[in-house]
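Peer 1: In this note's numbering, the protein residues as written are 21 to 436.
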Amino acid sequence: MTAVVMPGQPDQPASGQHIRVALIRDFLEEGWPSMDLVGDMLSANLAEHCNAQVIVAQLCPIFRRPISLLPLPARLARNGDRWINRFVCYPRWLERQRGKHDVYHIVDHSYSQLVHSLPPGRTVVTCHDVDTFRCLLTPQLEKRPFWFRRMTQQILTGLQKAAHVIAVSSATLQELLKQGIVPADRITVISNGVHPSCSPEPNPRADRTASDLTGTAPAGAPILLSVGSTQPRKRLDVLLKVFAAVRVGVPHARLVRVGGLTAEHQRLAEKLGIQDAMVCVPFVDRDVLAALYRAATLLVHTAESEGFGLPVVEAMASGCVVVASDLPVLREVAGNAAFFCPVADLDAWTATVTRLIGERAQDDNRWQVYRGRSLENAARFSWAENARQTALVYQKVMDLQEHSRLLSRARPSQRS
């Protein structure tokens, strides 16, 4: 992605006019679909629903690969390129964009080191969780080398310098306050929305593509779905062990895993003897993902920590019943529409999933009630409303800047 640069006078806010907003995006090459989604949805909905208040540009430089030219192992070269782009190329490029926009909005808190290259009093950061900072907040639980902690410290101090932080959930807000990262008067909770493709209504083309990806299942076979990254906090080990245990009583059950598995998880699947009963697909486009949600019997979300839990609300919006880890944030997001199990409690997960598979087969009326609850809960989340509330944050930042400017003019000059 290349930058769209809006014209403007250096460091002159558009007082009484449109607020010129620059959305600072993740590098697509890093492969974070959820962050790409947030940027896409915010940009589109600001343009559609808030065009009387804001003009939006999306900023991201070209991803360079200087380290990959060196004779290094592929993983080391990739990580080297990520580091040099995040901490050298992007900051230098952004410094040339200063003054061309009124508000700068970093949509992924793990890019908060960029605040150091922007006017912090006019910069907003969306914080999705505090996991990025675990090596600093709980170093005894997440041990990292010195250089990694220094890098993370730069990200953390950038977040702390921002004029305002948007937390995607009340649970994330509470974590920010508990850890003393940002004061309450500089945080606003604005929930993520649901992509419009996530609907219980069929999409014949996407449904066929989803069916082709997952293969033909035995008639009536329950399909368990898992969506998300392979980060350790997602507890895919729990997912695989629960699936193996469920198949003892429901041998025709199948697992569809969107987002892949690590080599370690693949070895675990082979050890458990479930590799032939599961299908792994990469991250897919939004229409196909929605089709996978619709086709699933259950979304099984085993994460041990989350900042929001986007797959939970996306599945619900598609009419899928959800079993999720009993976390405060997932209680907040899923309400009373999901079934909750203690984190990593294999017996509880196995019993709950097995029971729900049985109910799906034996009591369609009850199942439709469950689906109705899912749909009703998901209706609470809207990208249009997210954009409207975000535009109010931009206005608040601009008002504070104007207030500070007036104060500085009124303050008598001080002589040393």
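In this text, a Cβ means the ideal position worked out from N, Cα and C, and glycines have one as well.
1) So, are the CB atoms of L156 and T172 less than 8 Å apart?
2) In whole angstroms, what is the alpha-carbon distance linking G287 and H321?
3) Between V144 and H125, is the Cβ-Cβ spacing less than 8 Å?
4) Cβ of G327 within 8 Å of Cβ of V349?
5) Whole angstroms are fine: how far does the CA of T374 sit from the CA of V214?
6) Could you check whether G339 and R274 sit closer than 8 Å to each other, using their CB atoms as the reference points?
7) Hey, V188 and R206: beta-carbon distance below 8 Å or not?
8) Around the C-beta of W167, are 16 or more other C-beta atoms found within 10 angstroms, so that it is buried, or is it exposed?
9) Report yes or no: do the region 256-263 and the region 282-297 share at least 3 C-beta pairs separated by less than 8 Å?
10) Within the continuous beta strand (DSSP E) that includes I210, where are the two ends?
11) Sorted by chain position, which residues of the same chain lie with C-beta nearer than 7 Å to E50's C-beta, five sequence neighbours on each side aside?
12) For the region 212-253, which segments carrying the beta strand (DSSP E) assignment without a break, of at least 3 residues, lie completely within its bounds, in sequence order?
13) Below 6 Å CB to CB, which residues in the same chain sit around Q29 once its five sequence neighbours on both sides are set aside?
14) At what residue ranges does the region 42-96 contain a whole run of the beta strand (DSSP E), taking only runs of 3 or more?
15) Whole angstroms is fine: what's the gap from H509's alpha carbon to A67's?
16) Quick one: what's L318 bridged to in DSSP?
17) Considering just the uninterrupted stretch of the beta strand (DSSP E) at C147, what are its terminal residues?
18) Ignoring anything shorter than 3 residues, give me the beta strand (DSSP E) runs that lie fully in the region 93-133, in order along the chain.
19) Based on Cα-Cα distance, which residue from E290, A265, Q251 and I243 lies nearest to V276?
20) When you compare each of N99, V127 and L134 to R116 by their alpha carbons, which one comes out closest?
21) Report the three-state DSSP secondary structure of A311 (helix, strand or coil).
22) Does the region 217-230 come into contact with the region 300-317, if we say contact requires no fewer than three beta-carbon pairs (one atom in each stretch) closer than 8 Å?
23) Could you check the C-alpha separation between A251 and D232 for me, to the nearest Å?
24) If you draw a straight line from the alpha carbon of P331 to that of E352, how long is it in whole angstroms?
25) Y110 to Q73, Cα distance in whole Å?
26) Give the DSSP-derived three-state secondary structure of R255 in the structure shown.
27) Measuring CA to CA, which of I44, F401, G293 and P91 is closest to S219?
28) Can you look up F263 in the DSSP assignment and give me helix, strand or coil?
29) How many Å lie between V108 and D305 at the Cα?
30) Can you list, in chain order, the residues of its chain whose CB lies under 7 Å from that of I87, leaving out five sequence neighbours each side?
31) Helix or strand or just coil, what does DSSP make of A182?
32) Could you spell out the range, first to last residue, of the alpha helix (DSSP H) harbouring V349?
33) How is V299 classed by DSSP in three states: helix, strand or coil?
Peer 2: By the coordinates alone:
1) Here residue 156 refers to the residue found at position 136 when the sequence shown is read from its first residue. Here residue 172 refers to the residue found at position 152 when the sequence shown is read from its first residue. Closer than 8 Å, so yes.
2) The residue labelled residue 287 in the question sits at position 267 within the sequence shown. The residue labelled residue 321 in the question sits at position 301 within the sequence shown. The sequence as given places Arg at residue 287; Gly does not occur at that position. Rounded to the nearest angstrom, the two C-alpha atoms are 21 Å apart.
3) Residue mapping note: residue 144 aligns to position 124 of the sequence shown, counting from 1. Residue mapping note: residue 125 aligns to position 105 of the sequence shown, counting from 1. Going by beta carbons, V144 and H125 fall inside the 8 Å limit.
4) On the sequence shown, position 307 is the one that residue 327 refers to. On the sequence shown, position 329 is the one that residue 349 refers to. Cβ distance < 8 Å, so G327 and V349 count as in contact.
5) Residue 214 sits at position 194 when you count from the first residue of the sequence shown. Residue 374 sits at position 354 when you count from the first residue of the sequence shown. Rounded to the nearest angstrom, the two C-alpha atoms are 28 Å apart.
6) Translated into the one-based positions of the sequence shown, residue 274 becomes position 254. Translated into the one-based positions of the sequence shown, residue 339 becomes position 319. No. Outside cutoff.
7) Locating residue 188 in the sequence shown gives position 168, where the first residue counts as 1. Locating residue 206 in the sequence shown gives position 186, where the first residue counts as 1. Taking 8 Å as the Cβ cut-off, V188 and R206 do not qualify as a contacting pair.
8) Taking the sequence shown and counting its residues from 1, one reaches residue 167 at position 147. So W167 counts as exposed.
9) With three or more CB-CB distances shorter than 8 Å, the region 256-263 counts as touching the region 282-297.
10) Numbered from 1 along the sequence shown, position 190 holds the residue referred to as residue 210. For I210, there is no enclosing beta strand (DSSP E), as DSSP gives it neither H nor E.
11) Within the sequence shown, the letter at position 30 stands for residue 50. Excluding positions up to five away in sequence, the list reads R102.
12) Annotation note: the region 212-253 contains the following uninterrupted beta strand (DSSP E) runs of length 3 or greater, listed N- to C-terminal: 243-247.
13) As a working mapping, residue 29 is identified with position 9 in the sequence shown. In this predicted model, Q29 has a pLDDT of only 33, less than 50, meaning its place in the structure is not dependable; the value taken from the coordinates is given anyway. The beta carbon of Q29 lies closer than 6 Å to none in the same chain, with the five residues before and after it left out.
14) 74-79, all fully within the region 42-96.
15) Any property of residue 509 remains undetermined from this structure, which presents the chain solely from 21 to 436.
16) In the sequence shown, counting from the first residue as 1, residue 318 sits at position 298. According to the DSSP secondary-structure assignment, L318 is paired through a beta bridge with L244 and V341.
17) In the sequence shown, residue 147 corresponds to position 127, counting from 1. The continuous beta strand (DSSP E) containing C147 extends over residues T143 to C147.
18) Runs of the beta strand (DSSP E) inside the region 93-133: 123-126.
19) Mapped onto the sequence shown, residue 276 falls at position 256. Shortest Cα-Cα distance from V276 to any of E290, A265, Q251 and I243 involves I243.
20) The count along the sequence shown starts at 1 and reaches residue 116 at position 96. Ranked by Cα distance from R116, the options N99, V127 and L134 are led by L134.
21) Taking the first residue of the sequence shown as 1, we reach residue 311 at position 291. Note: A311 maps to helix in three-state DSSP.
22) Touching, yes, given that three or more Cβ pairs across the two stretches are closer than 8 Å.
23) Taking the sequence shown and counting its residues from 1, the one referred to as residue 251 is at position 231. Taking the sequence shown and counting its residues from 1, the one referred to as residue 232 is at position 212. Note on identity: in this sequence residue 251 is Gln, with Ala being the wrong assignment. Between the alpha carbons of Q251 and D232 lies a gap of roughly 27 Å.
24) What you label residue 331 is simply residue 311 of the sequence shown in a count that begins at 1. What you label residue 352 is simply residue 332 of the sequence shown in a count that begins at 1. Roughly 14 Å between the two C-alpha positions.
25) For this step, residue 110 is matched to residue 90 along the sequence shown. For this step, residue 73 is matched to residue 53 along the sequence shown. Approximately 28 Å, taken between the alpha carbons.
26) Along the sequence shown, one-based indexing puts residue 255 at 235. Residue state, collapsed to three classes: coil.
27) Here the question's residue 219 lines up with position 199 in the sequence shown. Selected option, being the one with the closest Cα: F401.
28) Translated into the one-based positions of the sequence shown, residue 263 becomes position 243. Correct three-state label for F263: helix.
29) Position 88 of the sequence shown, counted from the first residue, corresponds to residue 108. Position 285 of the sequence shown, counted from the first residue, corresponds to residue 305. Inter-residue distance for V108 and D305 is about 31 Å (C-alpha atoms, whole angstroms).
30) Translated into positions along the sequence shown, residue 87 becomes position 67. Here I87 has A97, G100, D101 and I104 as same chain residues with Cβ atoms under 7 Å from its own Cβ, once five neighbours each way along the sequence are excluded.
31) Numbered from 1 along the sequence shown, position 162 holds the residue referred to as residue 182. The three-state secondary structure of A182, taken from DSSP, is coil.
32) Mapped onto the sequence shown, residue 349 falls at position 329. Looking at the DSSP string, the run of the alpha helix (DSSP H) that includes V349 is P348 to A354.
33) Counted from its first residue, the sequence shown places residue 299 at position 279. DSSP places V299 in strand when its eight states are reduced to three.
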